[in-house]
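*Asks:*
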Amino acid sequence: MFELDRFSVAFGSATALRQASLTIRPGDRLGVVGESGSGKTMLALSLMGMAPEAAQVSGRLLIDGKDMSAATEADWQRLRARKVAMIFQEPMSALNPLRRVGDTVADPLRIHLGMDRAAARAQALDLFREVGIPDPEARLRQFPHEMSGGQRQRVLIALALACDPALLIADEPTTALDANVKLRITDLLVRLAEQRGMALLFISHDLASVARATQDIMVMYGGDIVERGPTAEVLHDPAHPYTRGLLGARPDPAPQQRDAAGRRPRLPTIPGTVPALHALAAGCRFSGRCPVERPDCATVKPAMRAFGTRSAACHALEVPA
Amino acid sequence: MKLPVNLLIGAVLVALVIGAAALSLVWTPQDFTVMNVRNKFAAPDTIHWLGTDQLGRDLASQLMAGARNSMAVALAAVLLGGSIGTALGLLAAAIGGWVEDLVMRIADIGFAFPALLFAIMLAAVFGPSLTNAVLAIAFINIPVFARVARAAANQVWTREYVAAARAAGLDRFAISRDHILPNIAAPVIVQATIEFAVAILAEAALSYLGLGAQPPSPTWGRMLSEAQTLMYQAPQLAIYPGLCIVAAVMGFGLLGDGLRDVTDPRLVRER
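As you go down the protein sequences, you meet chains A and B in turn. Quick note: the first sequence uses full-length UniProt numbering, first residue 1, plus one each step. Quick note: the second sequence uses full-length UniProt numbering, first residue 1, plus one each step.
This is the structure we're talking about:
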């Protein structure tokens, strides 16, 4: 079980993650969405104990009830791969171009489980089968450049699964992949999480993948968690203005009505851009771009308020009593 | 792919020198230790291809054996100094912080001394012998390789596959060995080729001063120094070993530059 309690990560005056509180239980499948720079990756790295050395971390991270604030790099090395594992966005650059993929997957098995070369190789073969790599025996001996993007991502999933982690963090696992490969990788992650009873933290800005993969969703903006709840409810009826903007900015595949001049309607966007981390408002981070902004939004940080199974951090939110 | 001219010329020269050195292990035209004072300063003929020296020893055979000596000293020195220097550079990059600063500042001190002078000083202090010549040349190579390895390693440490290896629970030393080292091999090998040229020159300088291999094993440097007093009488005794040194140093230098051109994509684009 992973618990974050008012966990913040800052670089000087720039806050990359602000007062994040969250609990991940065994078997949870939690999606994290938000634009680039919203703190998604910093959240993932923090759960791995891999936040940059220059970062100032405050608040608490508990893993199985144990406070990790005093954990050393050696403590984290024992937890990585076994307790928490991660797969990365770019499957080409996340594999060493000069190593056979089988050797890379065997690494954690030999280090953490003390397997010898032959046992690790046999286990790597099983993992390749489990993640659906065709002709796994031949693939073990291949180099990354000999494989397609989807195959490489499957190798990285096999690497992450090697020591049967309690939590698998997938940081934009499908962003670099083709649309049909994307769906298959997403479904594979869900199947593996269900079969192994493994928790899945699925980070993406692709709402369709998140909807497919997760039970619960967390929307982040500028280092804040702004909304959370069951994935289907949040995506169907978003409460936070940022979530509404994010959903509104998806292209509609249906044929569009043309206006009098024969133009198709423009794709709706959220006005403005994500401000630099050090230039964010002290209050609600979304102030300045928000369509329902109130006078005190820029100065007063909205608290997370619960309604039913969901919660959101917005001053304009009408919470039913 | 078109190979650069410097790579080709360098490869030919290096092949000649290494070929001569390897051949001398099993065969030389004459026994280079046999003296025949009656036949001193002989002109080139079919028996003595390049003639004989002041003691009637066969010049061509001595030059071949000298190549062997040069190659052996340079190889041992670059391997030893290169391994230690590369290991230190990897360590500096893996640990960072004050360890990295310390290693690199010590390397800077090493750079502050002219390498050749430093090697001569070390060999002079520890006494003239082949082993001390190797150690001295190896020593001046350590900071060079430490700097190259650390710069390349720091670049590789930022790659995503290193983050993935950390996420798989590998420690810094396992990452350095399995992931960093193979990916810095290209610049390290290029540097080793260039340092090989420097080592040949250093060996020649040391044996010229009598600080390298001791007689009777012939070295280009000592042949040069012995020929010095006979320059007006028999200039060819100085010219041939001098040409050998130039050919070997230039060969490895050009080969190193050429290898850098083909392995470093930034340089290729600029050309």
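Where a beta carbon is used, it is the ideal one built from N, C-alpha and C, also for glycine. Note that the coordinates shown come from a computational prediction; the quantities given were computed from them, not determined experimentally.
In this structure, what does DSSP give as the bridge partners for F11(A)?
*Replies:* Walking along the first sequence from the start, residue 11(A) turns up at place 11. Paired residues: A14(A).
*Asks:* For the segment 137-182 of chain A, which segments carrying the alpha helix (DSSP H) assignment without a break, of at least 4 residues, lie completely within its bounds, in sequence order?
*Replies:* Fully enclosed alpha helix (DSSP H) runs of 4 or longer: 149-161.
*Asks:* Note down the Cα distance separating L148(A) from R139(A), rounded to an integer number of angstroms.
*Replies:* Locating residue 148(A) in the first sequence gives position 148, where the first residue counts as 1. Locating residue 139(A) in the first sequence gives position 139, where the first residue counts as 1. Before going further, note that residue 148(A) is Ser rather than Leu in the sequence given. Roughly 11 angstroms between the two C-alpha positions.
*Asks:* Helix or strand or just coil, what does DSSP make of V37(B)?
*Replies:* The residue you call residue 37(B) lines up with position 37 of the second sequence. If DSSP states are grouped into helix, strand and coil, V37(B) belongs with the helices.
*Asks:* Cβ closer than 8 angstroms: which chain B residues qualify as neighbours of R99(A)?
*Replies:* Along the first sequence, read from residue 1 onward, the residue named residue 99(A) stands at position 99. Going along chain B in sequence order, the residues near R99(A) (Cβ under 8 angstroms) are D178, H179, P182.
*Asks:* Are the beta-carbon atoms of W49(B) and A65(B) separated by less than 8 angstroms?
*Replies:* Your numbering for residue 49(B) matches position 49 in the second sequence. Your numbering for residue 65(B) matches position 65 in the second sequence. No, Cβ-Cβ distance for W49(B) and A65(B) is not below 8 angstroms.
*Asks:* Are any of the Cβ atoms in chain A nearer than 8 angstroms to that of R159(B)?
*Replies:* Within the second sequence, residue 159(B) is the residue found at index 159, counting from 1. At least one chain A Cβ lies under 8 angstroms of R159(B).
*Asks:* Can A170(A) and L192(A) be called in contact, C-beta distance under 8 angstroms?
*Replies:* Here residue 170(A) is taken as the residue at index 170 of the first sequence, counted from 1. Here residue 192(A) is taken as the residue at index 192 of the first sequence, counted from 1. No. Outside cutoff.
*Asks:* Does DSSP put G229(A) in a helix, in a strand, or in coil?
*Replies:* Against the first sequence, residue 229(A) aligns to sequence position 229. Three-state DSSP puts G229(A) in a strand.
*Asks:* I'd like to check one pair, C163(A) with R82(A): are the Cβ atoms closer than 8 angstroms?
*Replies:* Here residue 82(A) refers to the residue found at position 82 when the first sequence is read from its first residue. Here residue 163(A) refers to the residue found at position 163 when the first sequence is read from its first residue. A contact, by the Cβ cut-off of 8 angstroms.
*Asks:* Is A16(A) close to chain B, meaning its C-beta is less than 8 angstroms from at least one C-beta of that chain?
*Replies:* On the first sequence, position 16 is the one that residue 16(A) refers to. Judged by the 8 angstroms Cβ criterion, A16(A) is not in contact with chain B.
*Asks:* Have a look at F286(A) and Y242(A) and give me their C-alpha separation to the nearest angstrom.
*Replies:* As a first step, residue 286(A) is located in the first sequence; it is residue number 286 there, counting from the start. As a first step, residue 242(A) is located in the first sequence; it is residue number 242 there, counting from the start. Going from the Cα of F286(A) to the Cα of Y242(A) covers about 7 angstroms.
*Asks:* Who are the Cβ neighbours of S225(B) in its own chain at under 7 angstroms, not counting the five residues just before and after it?
*Replies:* Within the second sequence, numbered from 1, the residue matching residue 225(B) stands at position 225. Same-chain partners within the cutoff: Y208.
*Asks:* Distance check for T263(B) and R269(B), CA to CA, integer angstroms please.
*Replies:* By one-based count along the second sequence, residue 269(B) stands at place 269. By one-based count along the second sequence, residue 263(B) stands at place 263. Reliability fails at R269(B), whose pLDDT of 48 lies under 50, so the model's placement of it is uncertain and the value that follows must be treated cautiously. In a straight line, the C-alpha of R269(B) is about 11 angstroms away from that of T263(B).
*Asks:* For chain B, find out if any of its Cβ atoms is closer than 8 angstroms to the Cβ of M50(A); answer yes or no.
*Replies:* Position 50 of the first sequence, counted from the first residue, corresponds to residue 50(A). By this cut-off, M50(A) is an interface position.
*Asks:* DSSP three-state label for V268(B), please.
*Replies:* Along the second sequence, read from residue 1 onward, the residue named residue 268(B) stands at position 268. Here V268(B) scores only 48 on pLDDT, less than 50, and its place in the model is too uncertain to base an answer on.
*Asks:* If you measure beta-carbon to beta-carbon, which residues of the segment 137-168 of chain B are closer than 9 angstroms to chain A?
*Replies:* Flagged, chain order: R159, E160, Y161, V162, A163, A164, A165, R166, A167, A168.
*Asks:* Rounded to whole angstroms, how far is the Cβ of G59(A) from the Cβ of S8(A), which I believe are closer than 8 angstroms?
*Replies:* If you number the first sequence from 1, residue 59(A) lands on position 59. If you number the first sequence from 1, residue 8(A) lands on position 8. Going by Cβ atoms, the distance from G59(A) to S8(A) rounds to 5 angstroms, so yes, they are a contact pair.
*Asks:* Report yes if the C-beta distance between V14(B) and G251(B) is below 8 angstroms; otherwise report no.
*Replies:* Reading the second sequence from its first residue, position 14 is the one you call residue 14(B). Reading the second sequence from its first residue, position 251 is the one you call residue 251(B). Result yes, Cβ atoms of V14(B) and G251(B) sit closer than 8 angstroms.
*Asks:* What does a CB cutoff of less than 7 angstroms around M35(B) pick up in its chain, not counting 5 residues either side in sequence?
*Replies:* Position 35 of the second sequence, counted from the first residue, corresponds to residue 35(B). So the qualifying residues of the chain are L55, G56, R57.
*Asks:* Say whether chain B places a C-beta atom closer than 8 angstroms to the C-beta of P108(A).
*Replies:* Residue mapping note: residue 108(A) aligns to position 108 of the first sequence, counting from 1. Closer than 8 angstroms to some Cβ of chain B, the Cβ of P108(A) qualifies, so yes.
*Asks:* By the criterion of Cβ-Cβ separation under 7 angstroms, what are the contact partners of L170(B) in chain A?
*Replies:* Working through the second sequence from its first residue, we reach residue 170(B) at position 170. Those within 7 angstroms of L170(B) in chain A are D107, I111.
*Asks:* Does V33(A) come out as helix, strand or coil in the three-state DSSP assignment?
*Replies:* On the first sequence, residue 33(A) is found 33 positions in, with the first residue counted as 1. If DSSP states are grouped into helix, strand and coil, V33(A) belongs with the strands.
*Asks:* Note the first and the last residue of the continuous beta strand (DSSP E) segment covering G59(A).
*Replies:* As a first step, residue 59(A) is located in the first sequence; it is residue number 59 there, counting from the start. Taken as a continuous stretch (DSSP letters only), the beta strand (DSSP E) holding G59(A) covers 56-63.
*Asks:* Can you name the residues of chain B whose CB is closer than 7 angstroms to the CB of Q77(A)?
*Replies:* Within the first sequence, the letter at position 77 stands for residue 77(A). Neighbours of Q77(A) on chain B, chain order: G169, D171.
*Asks:* Using only alpha-carbon positions, find the residue among P251(A), A239(A), Q256(A) that is nearest to G308(A).
*Replies:* Numbered from 1 along the first sequence, position 308 holds the residue referred to as residue 308(A). That would be A239(A), whose Cα lies nearest to the Cα of G308(A).
*Asks:* Less than 8 angstroms between CB atoms is the rule here; does S93(A) satisfy it with respect to chain B?
*Replies:* By 1-based counting over the first sequence, the position of residue 93(A) is 93. True, the Cβ-Cβ gap to chain B drops below 8 angstroms.
*Asks:* Using the Cα positions of E160(B) and G150(A), report the straight-line distance between them to the nearest angstrom.
*Replies:* Residue 160(B) sits at position 160 when you count from the first residue of the second sequence. Residue 150(A) sits at position 150 when you count from the first residue of the first sequence. Distance between the alpha carbons of E160(B) and G150(A): 17 angstroms.
*Asks:* Use the C-beta contact count for K2(B): other C-beta atoms within 10 angstroms, 16 or more gives buried, fewer gives exposed.
*Replies:* Numbered from 1 along the second sequence, position 2 holds the residue referred to as residue 2(B). So K2(B) counts as exposed.
*Asks:* Tell me which same chain residues have a C-beta within less than 8 angstroms of the C-beta of A197(B), skipping the five on either side of it?
*Replies:* Here residue 197(B) is taken as the residue at index 197 of the second sequence, counted from 1. Correct list, in chain order: A248, V249, M250, G251, F252, G253, G256.
*Asks:* Are the beta-carbon atoms belonging to L17(A) and L43(A) less than 8 angstroms from one another?
*Replies:* Stepping through the first sequence from its first residue, residue 17(A) is reached at position 17. Stepping through the first sequence from its first residue, residue 43(A) is reached at position 43. Yes. Within cutoff.
*Asks:* Using the rule of at least 16 other Cβ atoms within 10 Å of the residue's Cβ for burial, across every protein chain shown, is N132(B) buried or exposed?
*Replies:* The residue you call residue 132(B) lines up with position 132 of the second sequence. Classification of N132(B): buried, given that the 10 Å Cβ count is 16 or more.
*Asks:* Residues of chain A with a CB under 8 angstroms from the CB of A174(B): which are they?
*Replies:* Within the second sequence, numbered from 1, the residue matching residue 174(B) stands at position 174. Per Cβ cutoff of 8 angstroms: D107, I111.
*Asks:* Which residues, in chain order, does the segment 128-152 of chain A contribute to contact with chain B at a C-beta distance below 8 angstroms?
*Replies:* Answer in chain order: no residues at all.
*Asks:* Taking all protein chains shown into account, decide if F113(B) is buried (16 or more other Cβ within 10 angstroms of its Cβ) or exposed.
*Replies:* The residue labelled residue 113(B) in the question sits at position 113 within the second sequence. Per the 10 Å Cβ criterion, exposed.
*Asks:* Quick check for students: name the residue ranges of the beta strand (DSSP E) that lie wholly in the segment 44-127 of chain A, counting only runs of 3 or more.
*Replies:* For the segment 44-127 of chain A, whole beta strand (DSSP E) runs of length 3 or above, ordered along the chain, are 56-63, 84-87.
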